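Encoded as structure tokens, the structure appears first; notes follow it.
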Amino acid sequence: MSAVPHDPLPNPFYYLENFQRVLDWIAVRYDDLLDDEERRFIARFPQLPQASRALLVRMVMRKGECFRAGKLRYAEIGCPDAAAEALVAEGWLQPDPPLDAGQLFALLKKSEIAVVLDLPASAMQATKAVLLEQLREEIATRPLTDWPERIYRVTITPLCERLRLMFFGNLRQDWSEFVLADLGIYRYEQVAFSPSSRGFQRRQDIDDYLHLHRCRERFDAGNDLDEILPDVPVQPFDNPWLETRRNRLLFAFAQQYERCSEWDAALALYRRCTHPGARLRTIRVLERMEAFDDAYALAETAQQAPESEAERQALMRMLPRLRRQLGHPKLPAAKRIAIERLDLALPFPDDDACVEIAAARHLSQDDAPVFYVENALVNSLFGLLCWPAVFAALPGAFFHPFHAGPADLHSHDFPQRRSALFAECLAQLDSGAYRATMLATYRAKYGIASPFVHWEAIDEPLLHLALDCLPAAHLKHCFTRMLDDIRANRSGFPDLIQLWPVEKRYRMIEVKGPGDRLQDNQIRWMDYCIARGMPVAVCHVQWT
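Its first residue numbered 36, the sequence shown is counted upward by one per residue in the numbering used here.
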């Protein structure tokens, strides 16, 4: 995403208008999934005084449910207590709610705790945990008194969270998306929405999403995994998107059991899980359990039909080890493709530049400049050429105005659903039309959020240089491999690229500092490039 200069928003109630836009959007597109309480809220909200509506939105946008009136002072709203009256009457705010010690501690300063609960000054020197325990004891023996400021609790936080989920299709994005877009900090592609373009098709899908989200929150908070696991549905979801989330959660649980050496529990979950990598982890756990026959049998099965290049690569390491454990004869080692090697001995940079920058400076020449681009360049060229395919308005791909990319980007059928569009884009690499298309897209779409184009890493001169030096056939090789596995193959490109514009050639260079070594995804990309005659080298740097 690209940051651009902006002016302050002239409308002080911009956030209220944005919230109303969400309600209107949901009322039109999701009316069949709403319950009576949600319909009443959507209908009643615009009828309240402006200050009351603004106060509620301000509170909903902030973290937590309980707020002190003194912390709710906004110039455009005025007196928070006056604005809260209509919200209290609706039941959307609860004044002076009962608070436990944790909530009270979050709302008050230490000095205020001392005054309100009449704690001795010495108590203020205690650690947070000790002070919290003292608060619990005080609250248990006597009620909170002499508190001069009102406290309000938002009672409809779950309702607003559900509405936010229905709009964005996730709980990762929040109301700040509107603000950033209004300020011009983030810009999004304008995609047409078809009637079927909704994040959820059934109310049960929303309930299931929220349930999985709560399980994940408990897991991230460090709760006992044995207590969380029974709450994760055993039966697969009909909704493929939700089923992906369920399997991702099971995979995370299995990894935690594995880290704790609870092999049986880890194995049971990996075997239930279809998340990418679960089969490899199953083999690894069986190996840890010394069930070498089972591990070897599963590894041989996986080798017949690997789920990905990453799995094939890992199996090549596992199988010889398992064969040794079982006493099988050693197989001839696979012959590795030779990779060009560069060795540099450089003085440590005076400006503490990273090893990649230091190598780029040393290797760069007037007629052959070197650029530190890593994954940005090839991804950006792909994004510029395939913009129409990536942002095609397919059902379920886009369902609100703040998508940086399609919702199904990492789905296994992402390329297949757009196969004709991608074929049309890649055909330009054969016809020669690709250069004009990329340059036109760069100028027309500059700064618009994209899952592939790194606007901050490429400028038009670099774009021209790259298109001069990288053959269309090599670009097609890269783009085809990216489409084979978007999630895995968007990364792993070499750090540097050296361009010879006069000679119309290039070289990709992976830089490794002292003690560093190639990662698996980098090895896979290098093997792929070398097998297709694409120039790539590894540069090993030592500091003198």
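Virtual Cβ for every residue (Gly too), placed ideally from N, Cα, C. In this text the structure is predicted, and so the values were computed from the model without any measurement.
So, for residue i: in the same chain, excluding its five sequence neighbours on each side, which residues have a beta-carbon less than 8 Å away from its beta-carbon?
i: Pro549; result: Val576, Gln577 and Trp578
i: Asp328; result: Leu361
i: Arg79; result: Glu125
i: Phe449; result: Pro441, Asp443 and Ile521
i: Glu52; result: Asn46
i: Ile186; result: Cys101, Phe102, Arg103, Ala104, Pro130, Asp131, Pro132, Leu134 and Leu142
i: Gln400; result: none
i: Glu72; result: Leu194
i: Phe48; result: Gln85, Ala89 and Glu111
i: Gly592; result: There is simply no residue 592 to check, as the chain begins at 36 and stops at 579 in what is shown.
i: Ala507; result: Leu464, Asp465, Gly467 and Tyr469
i: Asp70; result: Arg238
How many whole angstroms separate the CB atoms of residue i and residue j, which I take to be in contact at a CB cut-off of 8 Å?
i: Cys250; j: Leu284; result: 6 Å
i: Gln533; j: Ile544; result: 6 Å
i: Leu142; j: Arg103; result: 6 Å
i: Ile374; j: Met569; result: Rounded, the Cβ-Cβ distance is 12 Å, inconsistent with contact.
i: Leu350; j: Gln339; result: Not a contact, Cβ separation roughly 10 Å.
i: Ile372; j: Ala523; result: So it is not a contact: roughly 20 Å between Cβ atoms.
i: Arg197; j: Ile263; result: Actually they do not touch by this definition, with Cβ atoms about 22 Å apart.
i: Tyr331; j: Val320; result: Wrong, their Cβ atoms sit about 14 Å apart, outside the cutoff.
i: Tyr109; j: Arg97; result: Not a contact, Cβ separation roughly 11 Å.
i: Glu293; j: Arg307; result: That belief does not hold up - the Cβ atoms of Glu293 and Arg307 are roughly 14 Å apart, past 8 Å.
i: Ala235; j: Ala428; result: In the sequence on display, residue 235 carries Phe and not Ala. Actually they do not touch by this definition, with Cβ atoms about 18 Å apart.
i: Val488; j: Gly418; result: 4 Å
i: Ala334; j: Met353; result: 5 Å
i: Arg542; j: Ala572; result: 6 Å
i: Ile191; j: Trp127; result: 5 Å
i: Ala484; j: Tyr65; result: With 8 Å as the limit, Ala484 and Tyr65 do not qualify as a contact, their Cβ atoms being about 24 Å apart.
i: Leu593; j: Leu245; result: Any property of residue 593 remains undetermined from this structure, which presents the chain solely from 36 to 579.
Which residues does DSSP list as the beta-bridge partners of residue i?
i: Val226; result: Note: Val226 sits in no beta bridge, so no partner.
i: Val189; result: Leu128
i: Arg199; result: DSSP, once it has assigned bridges, lists no residue as partnering Arg199.
i: Gly113; result: Tyr109
If I measure Cβ to Cβ from residue i and keep anything under 7 Å in the same chain, skipping five residues before and after, which residues do I get?
i: Gln55; result: Pro81
i: Arg323; result: Trp298
i: Ala403; result: Gln533, Leu534 and Trp535
i: Glu168; result: none
i: Phe272; result: Asp243, Glu278 and Arg281
i: Gly495; result: Reading the sequence as shown, one finds Glu at residue 495 and not Gly. Here the set comprises Tyr477.
i: Val390; result: Val546, Gly548 and Val576
i: Leu91; result: Leu122 and Trp127
Who are the near neighbours of residue i in its chain, counting only those whose CB is closer than 6 Å to its CB and skipping five residues on each side?
i: Ser87; result: Ala118, Ala121 and Leu122
i: Leu83; result: Ala121
i: Ala395; result: Val405, Tyr407 and Leu531
i: Cys195; result: Val95
i: Leu398; result: Val405
i: Pro132; result: Arg188
i: Phe213; result: Asn53
i: Cys513; result: Val413
i: Ala424; result: Arg453, Leu456, Phe457 and Cys460
i: Gln463; result: Tyr469 and Thr472
i: Asn410; result: Ser526 and Phe528
i: Asp378; result: His575
i: Arg376; result: Val573
i: Asp42; result: In this prediction, Asp42 scores a pLDDT of 46, lower than 50, which makes its location untrustworthy; no coordinate-derived value is stated.
i: Asn274; result: Asp240
i: Leu302; result: Val320
Please determine whether the Cβ atom of residue i lies at a distance below 6 Å from any heavy atom of the ligand ZN.
i: Leu412; result: This structure simply doesn't include the ligand ZN, nor any ligand for that matter.
Taking 7 Å as the threshold (beta carbon to beta carbon), is residue i in contact with chain C?
i: Phe76; result: Note that chain C does not occur in the displayed structure, where there is just one protein chain.
Every unbroken beta strand (DSSP E) inside the segment 365 to 421 [3 residues or more]: 375 to 381 and 405 to 407
4-residue-minimum alpha helix (DSSP H) runs that sit fully inside the segment 517 to 579, ordered along the chain: 521 to 524 and 555 to 566
Three-pair Cβ contact test at 8 Å for the segment 452 to 469 versus the segment 372 to 392: no
Contact the segment 446 to 463 vs the segment 493 to 501: 3+ CB pairs below 8 Å: no
Inside the segment 476 to 524 only - alpha helix (DSSP H) runs reaching at least 4 residues: 495 to 504, 507 to 519 and 521 to 524
Any 3 or more C-beta pairs closer than 8 Å across the segment 329 to 349 and the segment 302 to 318: yes
The segment 432 to 439 / the segment 202 to 213 touching (three or more Cβ pairs under 8 Å): yes
Uninterrupted beta strand (DSSP E) stretches inside the segment 36 to 110 (no shorter than 3 residues): 101 to 103
Touching by the beta-carbon criterion (3+ pairs, under 8 Å), the segment 270 to 285 and the segment 235 to 253: yes
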